[in-house]
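A quick write-up on the structure given underneath.
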Amino acid sequence: MRAVEGRPLDERELVLRARRGDGSAFADLVRMHQQTAYRLAYLIAGTDAEDALQEGVLKAWRALGRFRPGAAFRPWLLRIVANEARNRRRAAGRRAALELRAARAGVSGDAAPSPETDAVAAAERARLLDALEALPDEARLVLACRYLLDLSEAETAAALGVRRGTVKSRTSRALDRLREAYGDA
Amino acid sequence: MPELERTLRALELAWPETPDVAGRLELAPRRRRRRLALAAAACAAAAVAAAFAVPQSRSAILRVLHLGGVSVVRVGTLPAAEERPLASGLGTPVGAAEAARFLGRPFLPPGRRRLYLNDGFVSTLLPGPVLLTEFGEPYLLKKIAGATGAEPVEVAPGVPGLWLGARHVVVFPGAPPRLAGDVLVWADGHVTYRLEAPSLGRDEAVRLARRILGTAAG
Numbered sequence: 000m001r002a003v004e005g006r007p008l009d010e011r012e013l014v015l016r017a018r019r020g021d022g023s024a025f026a027d028l029v030r031m032h033q034q035t036a037y038r039l040a041y042l043i044a045g046t047d048a049e050d051a052l053q054e055g056v057l058k059a060w061r062a063l064g065r066f067r068p069g070a071a072f073r074p075w076l077l078r079i080v081a082n083e084a085r086n087r088r089r090a091a092g093r094r095a096a097l098e099l100r101a102a103r104a105g106v107s108g109d110a111a112p113s114p115e116t117d118a119v120a121a122a123e124r125a126r127l128l129d130a131l132e133a134l135p136d137e138a139r140l141v142l143a144c145r146y147l148l149d150l151s152e153a154e155t156a157a158a159l160g161v162r163r164g165t166v167k168s169r170t171s172r173a174l175d176r177l178r179e180a181y182g183d184a
Numbered sequence: 000m001p002e003l004e005r006t007l008r009a010l011e012l013a014w015p016e017t018p019d020v021a022g023r024l025e026l027a028p029r030r031r032r033r034r035l036a037l038a039a040a041a042c043a044a045a046a047v048a049a050a051f052a053v054p055q056s057r058s059a060i061l062r063v064l065h066l067g068g069v070s071v072v073r074v075g076t077l078p079a080a081e082e083r084p085l086a087s088g089l090g091t092p093v094g095a096a097e098a099a100r101f102l103g104r105p106f107l108p109p110g111r112r113r114l115y116l117n118d119g120f121v122s123t124l125l126p127g128p129v130l131l132t133e134f135g136e137p138y139l140l141k142k143i144a145g146a147t148g149a150e151p152v153e154v155a156p157g158v159p160g161l162w163l164g165a166r167h168v169v170v171f172p173g174a175p176p177r178l179a180g181d182v183l184v185w186a187d188g189h190v191t192y193r194l195e196a197p198s199l200g201r202d203e204a205v206r207l208a209r210r211i212l213g214t215a216a217g
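Protein chains in written order, with numbering that gives the first Met the number 0: chain S, 0 to 184; chain D, 0 to 217.
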């Protein structure tokens, strides 16, 4: 991020600049959130995620005049990118698939497990991901947004185009289904 | 936090690498809609909601350039596309009033000519032949091979344009991608113009664009 008098610009300043037509400030904003936005698009549209992110970002640039100053930028960007990803998924006529693998390193906080422990943990992670993958679209996406991307309820609501209350109830039901499938009751 | 939620949150996943879209952006300045003295009629924004099917970019995207409603995407390898005549797939014939409704102002240059409408894109064939397309909100996505580029030009004072002299692929809504070349695009106010003129060079295309813009007063 660029700095002014040694101080990095905060998001609010970047938004103000971008709204005045500063493409560089907008690029800085995108850079701050593109990883989350890309992963969200990947959860929804799979291999079309890069196209979805790119088109979503361009749409956001064009729509920036309608962005409410003072509002949070990330949920707004996520909503646009997620819409683009959904459009692509619909056009491709396929179900969203996680297509994710657990990283070999495993769960955060593990302290140098033995190869045997690591193998067991890896198998458990794979089983959990399989159980998540087997959930219906709605349930899988809400859990992925909340726990894999660590989005807030408000951000998840923006990304999925539903109300915050819906996120809450959908998350609760999805966790129940996952517990049932994964056997962690 | 219950165990299952904690386990989900702690999963480290092998996500695909995030593409640096921010680093590839070359955004033309977003200009505030201004009232042009020469185009007093051009005041209402066209709200054209066109669904836009864009082929997947299977090759690495090198750079994205945005001007008006045009996205120019440089890729390593052009996607498959057909060679088709300029007159193909222009849409359905439409009257000047209907075209103006979509554009938010009359089609330029004015006069009696055949206009065609395709998902918010209004086109006409000028002598040459030259294909002139004008549109409001939707995007027009082009893909250009990595070895070529889009050359910035100034169509008129304060009116930026891009000259795409090399072969590229253009994607209009509802039509398969097709090969194009010798294209000038520019944006004025909320309307984006695209001039495809295989028989004209860059300079002649820019002169024609100026003449088209100059007819706004008439």
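The C-beta atom is built at its ideal place from N, Cα and C for all residues, glycine as well. If you're wondering where the values come from, they're calculated on a predicted model, not measured in any experiment.
Beta-carbon contacts of residue i that lie in its chain and below 7 Å, excluding the five residues immediately before and after
i             : result
residue 14/D  : none
residue 17/S  : 24, 25, 28 and 63
residue 175/D : 81
residue 127/S : 181
Spatial neighbours of residue i in its chain, beta-carbon cut-off 6 Å, leaving aside the 5 residues before and after
i            : result
residue 44/S : 51, 84, 87 and 88
residue 83/D : 177
In DSSP terms, what residue i is bridged to
i             : result
residue 171/D : Per DSSP, none; premise fails for residue 171/D.
residue 9/D   : BP columns for residue 9/D are empty, so no partner.
residue 155/D : 158/D
residue 185/D : 160/D and 192/D
residue 179/D : 167/D
residue 134/D : 191/D
residue 150/D : 162/D
Neighbourhood of residue i by C-beta distance below 8 Å, restricted to the same chain and skipping five residues each side
i            : result
residue 75/S : 59, 66 and 157
CA-to-CA distance, residue j to residue i, given in whole angstroms
i             : j             : result
residue 111/D : residue 202/D : 26 Å
residue 30/S  : residue 92/D  : 44 Å
residue 105/D : residue 96/D  : 8 Å
residue 130/S : residue 181/S : 6 Å
residue 141/S : residue 187/D : 42 Å
residue 19/S  : residue 178/S : 49 Å
residue 17/D  : residue 46/S  : 12 Å
residue 19/D  : residue 10/D  : 24 Å
residue 21/S  : residue 68/S  : 15 Å
residue 198/D : residue 65/D  : 26 Å
residue 133/S : residue 4/D   : 17 Å
residue 49/S  : residue 33/S  : 10 Å
residue 163/S : residue 153/S : 6 Å
residue 124/D : residue 161/D : 20 Å
residue 109/D : residue 157/D : 22 Å
residue 169/S : residue 73/S  : 22 Å
residue 90/S  : residue 21/D  : 25 Å
residue 78/S  : residue 147/S : 17 Å
residue 155/D : residue 214/D : 13 Å
residue 57/S  : residue 36/S  : 13 Å
Rounded distance between the beta-carbons of residue j and residue i, thought under 8 Å
i             : j             : result
residue 143/S : residue 176/S : Rounded, the Cβ-Cβ distance is 14 Å, inconsistent with contact.
residue 70/S  : residue 39/S  : The Cβ separation is near 18 Å, so there is no contact.
residue 193/D : residue 182/D : 6 Å
residue 184/D : residue 74/D  : At roughly 18 Å, the Cβ-Cβ gap does not stay under 8 Å, so residue 184/D and residue 74/D are not in contact.
>> Could you tell me which whole beta strand (DSSP E) segments of length 3 or greater appear in the segment 53-132 of chain D?
In response: Complete beta strand (DSSP E) runs here, min 3: 60-66, 69-74, 91-93, 114-117 and 120-125.
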